[in-house]
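Chains as they are written, first to last, in my numbering: chain A, 1 to 458; chain B, 459 to 916.
We put the CB at the ideal spot given by N, CA and C, even for glycine.
All of these numbers come straight from a predicted model, not from anything done at the bench.
See below for the structure under consideration.
As C-alpha cells, this is what we get:
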C-alpha cells in the first residue's frame, strides 16, 4: 500500500460528501420498522436497497435470505487470497418512531439542521452501514479493496434478532472470516474516538410469589399470613448485602478481575461521577464499593428490578393482602459469567431464602452471554490507528454496559472476535424522538474506515 | 319484668316468622348500592323504607337527614324516664353485586334456598337491621319496650361513611345515649354466639420512591444508580425484623398488653391454625412470635403491603431501571395506638432508613382509631346473657381484626361504648356473589335481641 492510494481514497470520499449524504437520505426515507407488521413491505424495500448498494460496490453472491420474519442481506468480495476477511455486521431495521408529535420534522423525511441530519435510524444504524458502504466505495473506485469483505445485514435487530443465530449457525461456511466489524456502538463524544471491547450479558427473570388462594381482607387475616408483596420485597432486598454486593450464591465466582493496566485504560474515559449524575438525574450515585462509576457501569455485574406489581395500585386505598406479587429482575453479566449458571444461582438463592409460608415460581426469560475482546490484536490495532489518524488522539477503550448479542453469537458460532466501533454520539436520541446523526463525525467516520481497511492489508 | 312478658314477646316473634321474612324480602329487592351514582334513587327508596319501618314501630322524630351524599335515617322512642337509652346503629346501603354472572339467583331478587335467603345485603346488613326492627316490634306489640331506643341508619357505610362523623358531631344531643348497639359484626359459626369487644384501627400510606429523571437503560446505567424498585423493596423489607416484629420506631410503645385472663378468654375461640390455613389457602401461617394466630389476627398490630407497582409489568421483558416505584402500605392498629402517631413513626423510619441516593414521599391516606370495650359492663352482660339463653352456651368474646370505624367515632364524639354483635356467619359471602343469610340463626337472633332489651330493664 502506498500513501498515494490512501490519499486517493480519502480524496474520493471528500469529493463525494454530497453524494454520500444523498444515499443516506434515500435509505432514511424507508420506514423499516421491524416491530410493526404493517411495515413488512418497507422492511423488504430496505433490504432490497441494501442489496442494491452491495451490488453497486461490486460485491458477489449478493442475496436476500428470507427468515421466519425479516430477511437477511448478504454480499461478499474475496479478491485477495492472502488478505484477511472482515465480516461487516449491520441492521437495516429501525425502532418505531412514536411518539410522533415530539419530532420537529417527520421521522422518515430526513432533514439537515445545523451539523446534523434528523431521521429515525440516522444514527442507529443506517448511517453506520452507509458509512461502511461509502468507505468501501472510495477504495473500490480508487486503488481497490485491500482486504476481503463479507456483509451480514439483518432486519430484526430491534426485535431481538430472533432468527439471526439460526441463520449464522446454518451458514457457517458462507460467513467464515478472520474477524467481524460491528459499527453498532458509538463514541463517547464527537472529539473522543472510542473502541468498545467488552459488552455485558444478561440474565432476565420473572419471580412470582403467591400465598393466599385469593386476595384477603387485611383486617381479618392481617397478622397470620405472610403477605406475598412483603415476601417479594424481602427476597429482593436480600439479593444485595449492605455493601451493595449481590448475594446470589457464587455470583462473583466467575467474574473476571480487572487488572491494573485495564483499570488505568478505563480511567482515561472522561465519564466521572458528575457525568452520571447529569445523565441520570439521581440525587446521588450508588456504586459497588471499590469500583469507579465507569467500572460499575461496564465491568461489574448488576441486579436490577425492571418491574414489579402486586395487589391494588389504583387511586385511593384498598385494604387487602394480595394473593400474588411479581417482579421482573435482571442481571447484567460480565465475562466470564454464564446466564444459565446465574439462573441456577438465582434458583439456589430462592431455595435457600424463600420462606415456607409462601410459594414461588421462577421463570427464566432470556439470557445473553457477556463478551470481551483482545485489546491488542491486529484488527483492533488497525482500527485504533485509523481513529488516531483521523481524530489525532488515541481512542478510548470502553466496556459497554449494554448488550450487543450478535457479538457473543459470532464468538460462539464463528469463533471470531468483533471489532466494535461506530460513529454515533450519546446525544443522538436513538430509540427516541428526533434521532440524529452528527455529519462532521460521520464524514470523519468514513475516512477512519478507509484507514482501517488499508491498515488491515497484510 | 315478668317471665310472661318475655314469653309473650318471644311467642309473637315465633308466630310472625313468615311476616318478618316478607319484610326482609321487601328491603332486599331495593338495590341500594351506595358506590354507584346510578343507584341514587334506590338509596333514597331504601331510606324511605327504613323510615316507614321506624314509624310503624311507633318511633318518634322519624326523619331522613340529607347529607352531602346519601341520607341518614333517624328515629327514637324515649318512653321510660329511668331506663337506659340504646343507640342502634345500622346501614341500609350495600356493596355492588358484580360479578353478576357468578350469582345463582339475581342479587336483588331474594330467594330462599335450603335454610338461607340469598340476596345482596341479606347478611351485610339489611338482615341485621330488620332483626332489630322485628325484636322491637315483638316487644312493642306485647308488653311494650323496656328501654329507650334511638336509631341511626346510614347509607354510606360501603363507601367509607364520609359524612357520618360530621353528622354525629353536629347532632350530639339528638344522639345522646347510654351505649350503642352495633349488629354489623357476626358470629364465629351458627352454634357459637359471639360478642366482639375490640376492633383494630388503621393507618394507610402510599410510599413513593423516585430516582432517575426517566426510566434508564439497565445496561448503560445499571451499576451506578440505586434502582427505585430495589430501594422500595429494601425499605419495605426493613419494616419488619427477623422475628416478624415491626421496626417503625416506637411502634409497640402504646400497644396494650394482653393480660392472662383475656388470653384465656380468647383461647376459647375455636379458630386454630388449621382454621386459618383452610380459610386463607396459604402453605403455612406466619404469626408474631409468642402469640396465637387468633391473637395475631385481632389483638396485635400489623404492617401489610396492599399494593405495589414499578416499571414494566407486561408480558415479556424490558430492560429498564424504573424512574419510580410505589407501594400502598397499611398498618392495622390495636389499643392504644394512634394512627397519627403511627404516621409519625413511619415518617421517622423513612428519615432514618431511606438512603440519600433516592427521593421519597409519604402520603398519609387515612386512618382509623382502634377500639376496645369493657367486657363486663351492664349492656355487655345483658347481651351475653341473651345469647346464652338462646344458644345455651356462654358467648365467645372476640377481638375483630378489621375495623368498624363508627365504633371509634361514637366513642370519641358521644363518649359511649358499643355492644358489638350481629347474626351474620363467616360463610355468608358478604361483599361477594351469592351473599346469604342463615334463617334459623336470624330467627334466633331476633329472639336474642328480645332477651337483650328485656335484660337491660333496670
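Strand pairing of residue i, partner residues [DSSP]
i                      : result
residue 882 of chain B : B/644
residue 819 of chain B : B/666
residue 240 of chain A : A/246
residue 203 of chain A : A/331 and A/367
residue 196 of chain A : A/398 and A/420
residue 607 of chain B : B/535 and B/544
residue 779 of chain B : B/674
residue 154 of chain A : A/91
residue 638 of chain B : B/545 and B/876
residue 530 of chain B : B/523
Boundaries of the alpha helix (DSSP H) in which residue i is found, first to last residue
i                      : result
residue 782 of chain B : No alpha helix (DSSP H) holds residue 782 of chain B; the beta strand (DSSP E) holding it covers 782 to 791.
residue 590 of chain B : 585 to 599
residue 755 of chain B : 751 to 756
residue 896 of chain B : Premise fails: residue 896 of chain B lies in the beta strand (DSSP E), 894 to 896, not in any alpha helix (DSSP H).
residue 167 of chain A : 164 to 170
residue 746 of chain B : No alpha helix (DSSP H) contains residue 746 of chain B, which DSSP labels as neither H nor E.
residue 21 of chain A  : 17 to 28
residue 279 of chain A : 273 to 280
residue 725 of chain B : 718 to 725
Option nearest residue i by Cα separation, candidates the options
i                      : options                       : result
residue 855 of chain B : B/538, B/845 and B/863        : B/845
residue 777 of chain B : A/408, A/147, A/128 and A/330 : A/330
residue 433 of chain A : A/359, A/349 and A/104        : A/104
residue 21 of chain A  : A/441, A/3, A/224 and A/198   : A/441
residue 753 of chain B : B/656, B/494 and B/914        : B/656
residue 98 of chain A  : A/435, A/456 and A/450        : A/435
residue 147 of chain A : A/209, A/168 and A/78         : A/78
residue 302 of chain A : A/311, A/251, A/292 and A/216 : A/251
residue 317 of chain A : B/553, B/814, B/618 and B/914 : B/618
residue 815 of chain B : B/629, B/770, B/743 and B/671 : B/671
residue 615 of chain B : B/559, B/863 and B/875        : B/863
residue 187 of chain A : A/114, A/259 and A/270        : A/270
residue 809 of chain B : B/688, B/767 and B/667        : B/667
residue 539 of chain B : B/626, B/607 and B/665        : B/607
residue 370 of chain A : A/343, A/408 and A/412        : A/408
residue 24 of chain A  : A/418, A/216 and A/133        : A/133
residue 514 of chain B : B/533, B/836, B/501 and B/504 : B/533
residue 244 of chain A : A/61, A/163, A/288 and A/89   : A/288
residue 359 of chain A : B/488, B/740 and B/705        : B/740
residue 885 of chain B : B/504, B/507, B/582 and B/722 : B/582
residue 410 of chain A : A/72, A/87 and A/211          : A/87
residue 942 of chain B : B/857, B/870, B/896 and B/872 : There is no way to answer for residue 942 of chain B, as the model of chain B reaches only from 459 to 916.
residue 217 of chain A : B/765, B/620, B/676 and B/686 : B/765
residue 193 of chain A : A/305, A/278, A/415 and A/390 : A/390
Distance between beta carbons of residue j and residue i, contact taken as under 8 angstroms
i                      : j                      : result
residue 195 of chain A : residue 452 of chain A : Not really, about 11 angstroms apart at Cβ, beyond 8 angstroms.
residue 758 of chain B : residue 792 of chain B : 6 angstroms
residue 422 of chain A : residue 200 of chain A : Incorrect: roughly 17 angstroms between the Cβ atoms, too far for contact.
residue 916 of chain B : residue 541 of chain B : 6 angstroms
residue 95 of chain A  : residue 184 of chain A : Contact flag wrong, Cβ pair sits at about 13 angstroms.
Segment limits, beta strand (DSSP E) that includes residue i
i                      : result
residue 679 of chain B : Neither: residue 679 of chain B is in no beta strand (DSSP E) and is coded neither H nor E.
residue 574 of chain B : 574 to 576
residue 767 of chain B : 762 to 769
Min CB distance residue i to chain D below 8 angstroms
i                      : result
residue 158 of chain A : Annotation note: the requested chain D is absent from the structure, which comprises protein chains A and B.
Problem - Runs of beta strand (DSSP E) lying entirely within the segment 532 to 570 of chain B, each at least 3 residues, in chain order - result: 543 to 549
Handout entry: Secondary structure, alpha helix (DSSP H): runs of 4+ residues fully inside the segment 805 to 866 of chain B
Key = 836 to 849
Exercise for the section: Just list the alpha helix (DSSP H) runs in the segment 480 to 524 of chain B, keeping only unbroken ones of 4 residues or longer that don't cross its boundaries, in chain order. Expected result: 498 to 514
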